[in-house]
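In order, the protein sequences belong to chains A and B. Going by this note's numbering, the first residue of the first sequence is number 6, and it counts up by one from there. Going by this note's numbering, the first residue of the second sequence is number 5, and it counts up by one from there.
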Amino acid sequence: MIQRRQNERRVLAIDPSTRGFGFAVLEGSLRLIDRGTRSARAKEENKNRQCLEKVEELIDIYAPDVVALEKCDVRSSRRCARVRRLIEAIVMLAAERKIRVRRISRRQVQAAFAESGASTQHEIAAVIARRFPELAPHLPPVRKAWMAEHHAERVFGAVGMAFLSTKRD
Amino acid sequence: MPSYPLSNYLKMHRRRSGFFQDEVSFLLGAEGGAEVCRHERCRRVPTLETALAYEAIFGVPVRELFAGVYRKAEKEVKRRAGRLARRLHRANPSRLTERKAEALRAICFGSPDCSTPNHDPAQTK
Numbered sequence: 006m007i008q009r010r011q012n013e014r015r016v017l018a019i020d021p022s023t024r025g026f027g028f029a030v031l032e033g034s035l036r037l038i039d040r041g042t043r044s045a046r047a048k049e050e051n052k053n054r055q056c057l058e059k060v061e062e063l064i065d066i067y068a069p070d071v072v073a074l075e076k077c078d079v080r081s082s083r084r085c086a087r088v089r090r091l092i093e094a095i096v097m098l099a100a101e102r103k104i105r106v107r108r109i110s111r112r113q114v115q116a117a118f119a120e121s122g123a124s125t126q127h128e129i130a131a132v133i134a135r136r137f138p139e140l141a142p143h144l145p146p147v148r149k150a151w152m153a154e155h156h157a158e159r160v161f162g163a164v165g166m167a168f169l170s171t172k173r174d
Numbered sequence: 005m006p007s008y009p010l011s012n013y014l015k016m017h018r019r020r021s022g023f024f025q026d027e028v029s030f031l032l033g034a035e036g037g038a039e040v041c042r043h044e045r046c047r048r049v050p051t052l053e054t055a056l057a058y059e060a061i062f063g064v065p066v067r068e069l070f071a072g073v074y075r076k077a078e079k080e081v082k083r084r085a086g087r088l089a090r091r092l093h094r095a096n097p098s099r100l101t102e103r104k105a106e107a108l109r110a111i112c113f114g115s116p117d118c119s120t121p122n123h124d125p126a127q128t129k
């Protein structure tokens, strides 16, 4: 049985997508408290507002010590303007609540999982599913060039960032 | 910001075991998953019988399933133990008082509430 240590941080990771966002809550690197997706059905800033309300709800429920978000001000980031604005809004929200924010770039996630021999998004998701078996049934199928990104992939993205946030300081 | 345990970890353990709320509800002998949902979202505190049933389902002690609730109760008990220790300190010393003081020390051991000089049950000796 895995018990929570006193100094383990609770991390809430948010990974936005076109339909909303995926999230994961981790306590330490071994306890996946919750994960899932939240959808927002609106356009542009209304969508961001809906997402922000849902993020706020999650913060109220889980009272995280750290909020992990993608670092999208790097050159390799291909995030759209709306998602960048949403991420900045979440950073502001976390600052208001006096919660630490960790920004992690995709490259950092890839580098961290490279040790396990995973480089693509699907391979990283597979490594995460092995680490957290409860996620295995939700592993999205291998994506072909003509396929849109599976909504559940954002969950694995969020778990990856949360996992890194529990390790790095 | 200090980190505190969540009120309960029912959802985490349910998802680990792969059960749906309806299935856990069936195991609890309740109708539908609504009750389980209320417990998971801390909208309702389960009865002792239900809490023990959760322990039987997930194989995790109640104090771990309801870590936040347990921590809150433990903190309150330690605080009261400190007060009771001070009250005992004023009473006439006897074998029974000593035994009680020892039990109170066991309750308070390592607690910041009891570590201050005013709250230290060790003073009862």
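Ideal Cβ positions, reconstructed from N, Cα and C, are used throughout, including at glycine. Being a predicted model, the structure only gives us computed values, none of them experimental.
Quiz item: With a CB to CB cut of under 6 Å and the five nearest residues on each side skipped, what residues in its chain are close to SER115 of chain B?
Solution: Here residue 115 of chain B refers to the residue found at position 111 when the second sequence is read from its first residue. With a pLDDT of 49 at SER115 of chain B, under the threshold of 50, the modelled position of this residue cannot be trusted; read the value that follows with caution. Excluding sequence neighbours, SER115 of chain B sits near LYS82.
Exercise. Helix, strand or coil for GLU32 of chain A, going by three-state DSSP, please let me know.
Key: Taking the first residue of the first sequence as 1, we reach residue 32 of chain A at position 27. GLU32 of chain A falls in the strand class under three-state DSSP.
Exercise. Return the chain-ordered list of same chain residues with a C-beta closer than 7 Å to the C-beta of THR101 of chain B, the five sequence neighbours on each side being excluded.
Key: In the second sequence, residue 101 of chain B corresponds to position 97, counting from 1. LEU92 and ALA95.
Practice problem: Identify the contact partners of GLU139 of chain A in chain B, using a Cβ-Cβ distance below 8 Å as the criterion. | Solution: Within the first sequence, numbered from 1, the residue matching residue 139 of chain A stands at position 134. Those within 8 Å of GLU139 of chain A in chain B are ARG19, ARG20 and GLY22.
Quiz item: Comparing alpha-carbon positions, which option in A:TRP151, A:ARG15 and A:ARG87 lies nearest GLY25 of chain A?
Solution: Here residue 25 of chain A refers to the residue found at position 20 when the first sequence is read from its first residue. It is A:ARG87 whose Cα lies nearest to the Cα of GLY25 of chain A.
Quiz item: Alpha carbon to alpha carbon, how far is ILE38 of chain A from LEU31 of chain A?
Solution: In the first sequence, the residue the question calls residue 38 of chain A occupies position 33. In the first sequence, the residue the question calls residue 31 of chain A occupies position 26. Taking the straight line joining both Cα atoms gives about 6 Å.
Quiz item: Under the DSSP definition of a beta bridge, which residues are partnered with THR42 of chain A?
Solution: Here residue 42 of chain A refers to the residue found at position 37 of the first sequence. THR42 of chain A pairs with A:GLY27.
Exercise. Can you pull the chain B residues whose beta carbon is under 9 Å from the beta carbon of LEU37 of chain A, in chain order?
Key: The count along the first sequence starts at 1 and reaches residue 37 of chain A at position 32. The answer, in chain order, is MET16, ARG19 and ARG20.
Exercise. Evaluate the contact criterion for the stretch 43-58 of chain A versus the stretch 12-30 of chain B: three or more CB pairs, one atom per stretch, below 8 Å.
Key: no
Exercise. At 9 Å on the CB atoms, spell out the chain A contacts of LEU69 of chain B, in chain order.
Key: On the second sequence, position 65 is the one that residue 69 of chain B refers to. Those do not exist, as LEU69 of chain B stays about 11 Å from chain A at its closest Cβ, beyond 9 Å.
Practice problem: Identify, in the order they occur along the chain, each residue of the same chain with its Cβ nearer than 8 Å to the Cβ of VAL164 of chain A, setting aside the five sequence neighbours on each side. | Solution: Here residue 164 of chain A refers to the residue found at position 159 of the first sequence. If we look at VAL164 of chain A and ignore the five residues flanking it on each side, its Cβ neighbours are ALA18, ALA29, LEU31, LEU37, ARG40, ILE133, PHE137 and LEU140.
Practice problem: Have a look at the DSSP bridge pairing and note the partners of ILE109 of chain A. | Solution: Numbered from 1 along the first sequence, position 104 holds the residue referred to as residue 109 of chain A. Per DSSP, A:GLU75.
Practice problem: Measure the beta-carbon distance from ILE92 of chain A to LEU74 of chain A and round it to whole angstroms, keeping in mind my assumption that it falls under 8 Å. | Solution: Here residue 92 of chain A refers to the residue found at position 87 when the first sequence is read from its first residue. Here residue 74 of chain A refers to the residue found at position 69 when the first sequence is read from its first residue. Rounded, the Cβ-Cβ distance is 5 Å, consistent with contact.
Exercise. Assign SER124 of chain A to one of two classes, buried (16 or more other C-beta atoms within 10 Å of its C-beta) or exposed (fewer than that).
Key: Counting from one through the first sequence, the residue named residue 124 of chain A turns up at place 119. So SER124 of chain A counts as exposed.
Exercise. Reducing DSSP to helix, strand and coil, say where PRO21 of chain A ends up.
Key: Mapped onto the first sequence, residue 21 of chain A falls at position 16. DSSP places PRO21 of chain A in strand when its eight states are reduced to three.
Quiz item: From CYS41 of chain B to GLN25 of chain B, what does the alpha carbon distance come to, in whole angstroms?
Solution: Taking the second sequence and counting its residues from 1, the one referred to as residue 41 of chain B is at position 37. Taking the second sequence and counting its residues from 1, the one referred to as residue 25 of chain B is at position 21. Their backbone Cα atoms lie some 7 Å apart in a straight line.
Quiz item: With 16 other CB atoms within 10 Å as the buried threshold, where does TYR58 of chain B fall?
Solution: In the second sequence, residue 58 of chain B corresponds to position 54, counting from 1. Flag for TYR58 of chain B reads buried.
Practice problem: Return no unless some Cβ of chain A is closer than 8 Å to the Cβ of LEU180 of chain B. | Solution: No information on residue 180 of chain B is available, as it lies outside the stretch 5 to 129 that chain B covers here.
Practice problem: Could you name the residues of the same chain whose beta carbon sits closer than 6 Å to that of VAL96 of chain A, not counting the 5 residues immediately before and after it, in chain order? | Solution: Counted from its first residue, the first sequence places residue 96 of chain A at position 91. So the list reads VAL106, once near-sequence residues are dropped.
Practice problem: Taking only beta-carbon positions, decide if MET6 of chain A is within less than 8 Å of chain B. | Solution: For the purposes of this step, residue 6 of chain A is taken as the residue at position 1 of the first sequence. Caution is warranted here: a pLDDT of 45 is assigned to MET6 of chain A, below 50, making its placement in the model unreliable, and the coordinate value is therefore given only provisionally. Closer than 8 Å to some Cβ of chain B, the Cβ of MET6 of chain A qualifies, so yes.
Exercise. Indicate whether SER34 of chain A and LYS172 of chain A have their beta-carbon atoms separated by less than 8 Å.
Key: Translated into positions along the first sequence, residue 34 of chain A becomes position 29. Translated into positions along the first sequence, residue 172 of chain A becomes position 167. Yes, Cβ-Cβ distance for SER34 of chain A and LYS172 of chain A is below 8 Å.
Practice problem: Could you tell me the distance, in whole angstroms, from the CA atom of PRO145 of chain A to the CA atom of ASP20 of chain A? | Solution: Here residue 145 of chain A corresponds to residue number 140 of the first sequence, with the count starting at 1. Here residue 20 of chain A corresponds to residue number 15 of the first sequence, with the count starting at 1. Rounded to whole angstroms, PRO145 of chain A to ASP20 of chain A spans 16 Å at the Cα level.
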